[in-house]
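Those letters in the sequence shown? Residues 0 to 105, per numbering that gives the first Met the number 0, in order.
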Amino acid sequence: MTDFVELSDDNFGATLGSSKMALVDYYASWCGACRMAAPMFRRVAEEFKLDLFKIDAEKNPGSREFVEISNLPTLALVKDGKLVASLCTTREESLRSFLIENGVGG
(Lines of atoms letter the chains of each structure in order from A and count residues from 1; the text may use other names and numbers.)
(Lines give C-alpha, C1' and ligand atoms only; values in the text may rest on other atoms or scores of the structure.)
Protein backbone atom coordinates (compact mmCIF):
# COMPACT_ATOMS: atom_id res chain seq x y z
CA MET A 1 0.00 0.00 0.00
CA THR A 2 1.20 3.51 -0.83
CA ASP A 3 2.64 5.35 2.16
CA PHE A 4 2.26 9.03 2.86
CA VAL A 5 5.36 11.19 2.58
CA GLU A 6 5.26 13.95 5.22
CA LEU A 7 5.82 17.47 3.89
CA SER A 8 6.71 20.70 5.67
CA ASP A 9 6.95 24.34 4.66
CA ASP A 10 10.67 23.70 4.06
CA ASN A 11 10.31 20.96 1.43
CA PHE A 12 6.78 21.60 0.10
CA GLY A 13 7.57 23.39 -3.18
CA ALA A 14 10.63 21.36 -4.16
CA THR A 15 8.99 18.02 -3.42
CA LEU A 16 5.76 18.74 -5.28
CA GLY A 17 7.67 20.30 -8.18
CA SER A 18 9.41 16.97 -8.77
CA SER A 19 6.18 14.95 -8.68
CA LYS A 20 4.25 14.53 -11.93
CA MET A 21 0.85 13.96 -10.30
CA ALA A 22 0.22 13.97 -6.57
CA LEU A 23 -2.43 14.06 -3.91
CA VAL A 24 -1.67 16.20 -0.85
CA ASP A 25 -3.63 15.57 2.35
CA TYR A 26 -3.88 18.65 4.58
CA TYR A 27 -4.61 17.38 8.08
CA ALA A 28 -4.25 18.21 11.78
CA SER A 29 -3.23 15.89 14.60
CA TRP A 30 -6.48 16.57 16.51
CA CYS A 31 -8.71 15.82 13.48
CA GLY A 32 -10.53 12.51 13.92
CA ALA A 33 -11.94 12.61 10.39
CA CYS A 34 -8.38 13.01 9.06
CA ARG A 35 -7.22 9.87 10.86
CA MET A 36 -10.30 7.95 9.77
CA ALA A 37 -9.89 8.85 6.08
CA ALA A 38 -6.11 8.31 5.82
CA PRO A 39 -6.27 4.56 4.94
CA MET A 40 -8.83 5.27 2.22
CA PHE A 41 -6.65 8.06 0.80
CA ARG A 42 -3.77 5.54 0.62
CA ARG A 43 -5.88 2.95 -1.20
CA VAL A 44 -7.26 5.40 -3.75
CA ALA A 45 -3.86 7.03 -4.39
CA GLU A 46 -2.35 3.62 -5.03
CA GLU A 47 -5.18 2.62 -7.37
CA PHE A 48 -4.90 5.89 -9.31
CA LYS A 49 -1.07 5.71 -9.29
CA LEU A 50 -0.65 9.06 -7.53
CA ASP A 51 2.21 10.16 -5.31
CA LEU A 52 0.77 10.72 -1.86
CA PHE A 53 1.84 13.44 0.56
CA LYS A 54 0.48 14.78 3.82
CA ILE A 55 1.11 18.03 5.60
CA ASP A 56 0.06 19.22 9.03
CA ALA A 57 -1.96 22.33 8.19
CA GLU A 58 -1.50 23.84 11.65
CA LYS A 59 2.28 23.45 11.83
CA ASN A 60 2.96 24.61 8.25
CA PRO A 61 1.18 27.92 7.64
CA GLY A 62 3.21 28.75 4.53
CA SER A 63 1.95 25.69 2.68
CA ARG A 64 -1.67 26.59 3.44
CA GLU A 65 -1.35 29.46 0.96
CA PHE A 66 -1.17 26.87 -1.84
CA VAL A 67 -4.83 25.87 -1.44
CA GLU A 68 -7.92 27.32 0.23
CA ILE A 69 -8.68 25.33 3.36
CA SER A 70 -12.09 25.72 4.98
CA ASN A 71 -12.18 22.33 6.70
CA LEU A 72 -10.03 19.25 7.24
CA PRO A 73 -9.10 16.99 5.67
CA THR A 74 -8.56 18.96 2.49
CA LEU A 75 -6.99 17.22 -0.49
CA ALA A 76 -5.03 19.05 -3.16
CA LEU A 77 -4.51 17.47 -6.57
CA VAL A 78 -1.17 18.70 -7.88
CA LYS A 79 0.42 18.26 -11.31
CA ASP A 80 4.02 19.35 -11.97
CA GLY A 81 3.96 21.49 -8.83
CA LYS A 82 0.77 23.36 -9.75
CA LEU A 83 -2.62 23.07 -8.08
CA VAL A 84 -5.17 21.37 -10.32
CA ALA A 85 -8.09 21.31 -7.86
CA SER A 86 -8.92 20.71 -4.22
CA LEU A 87 -11.58 18.85 -2.28
CA CYS A 88 -12.64 18.47 1.34
CA THR A 89 -13.98 14.94 1.82
CA THR A 90 -13.80 11.74 3.82
CA ARG A 91 -15.92 9.80 1.32
CA GLU A 92 -14.22 7.42 -1.09
CA GLU A 93 -16.93 7.84 -3.72
CA SER A 94 -16.43 11.63 -3.71
CA LEU A 95 -12.65 11.30 -3.99
CA ARG A 96 -12.90 8.88 -6.92
CA SER A 97 -15.33 11.17 -8.77
CA PHE A 98 -13.10 14.18 -8.07
CA LEU A 99 -10.04 12.43 -9.52
CA ILE A 100 -11.87 11.22 -12.63
CA GLU A 101 -13.42 14.67 -13.22
CA ASN A 102 -9.92 16.15 -13.06
CA GLY A 103 -8.45 13.79 -15.64
CA VAL A 104 -6.85 11.18 -13.42
CA GLY A 105 -7.53 7.67 -14.72
CA GLY A 106 -8.33 4.84 -12.33
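Glycine included, every Cβ here is placed at the ideal spot set by N, Cα and C.
Next on the checklist: So, for L51: in the same chain, excluding its five sequence neighbours on each side, which residues have a beta-carbon less than 6 Å away from its beta-carbon?
Outcome noted: The beta carbon of L51 is closer than 6 Å to those of T1, F3, L22, A44 in its chain, skipping five residues each way along the sequence.
Item to check | Beta-carbon proximity list for N59, same chain, < 6 Å, skipping 5 on both sides | outcome: Cβ within range, chain order: S7, D8.
Checklist entry - Count the other CB atoms within 10 Å of the CB of K38; is the residue buried (16 or more) or exposed (fewer)? => result Position check: residue 38 holds Pro in this sequence, whereas Lys was assumed. Result: exposed.
Item to check | Minimum length 3: unbroken beta strand (DSSP E) runs contained in the segment 26-75 | outcome: The DSSP assignment places complete beta strand (DSSP E) segments of no fewer than 3 residues inside the segment 26-75 at 50-55, in order along the chain.
Next on the checklist: Mapping the DSSP letters down to three states, classify S93 as helix, strand or coil.
Outcome noted: Helix.
Next on the checklist: Here's the rule: buried if 16 or more other CB atoms are within 10 angstroms of the residue's CB, otherwise exposed. What is S69?
Outcome noted: Exposed is the call here.
Checklist entry - Less than 8 Å separating the beta-carbons of A75 and Y26? => result No.
Checklist entry - Considering only residues of the same chain and omitting the five flanking positions on each side of S62, which have a CB-CB separation below 6 Å? => result Within the same chain, S62 has close Cβ partners D8, F11, I54.
Checklist entry - Should D106 go down as buried or exposed, given a rule of 16 or more other Cβ atoms within 10 Å for buried? => result Because the chain is modelled from 0 through 105, residue 106 falls outside the range shown and cannot be assessed.
Next on the checklist: On the criterion of 16 or more Cβ atoms from any shown chain inside 10 Å, does A36 qualify as buried, or is it exposed?
Outcome noted: The residue in question, A36, is buried, as its Cβ has 16 or more Cβ neighbours within 10 Å.
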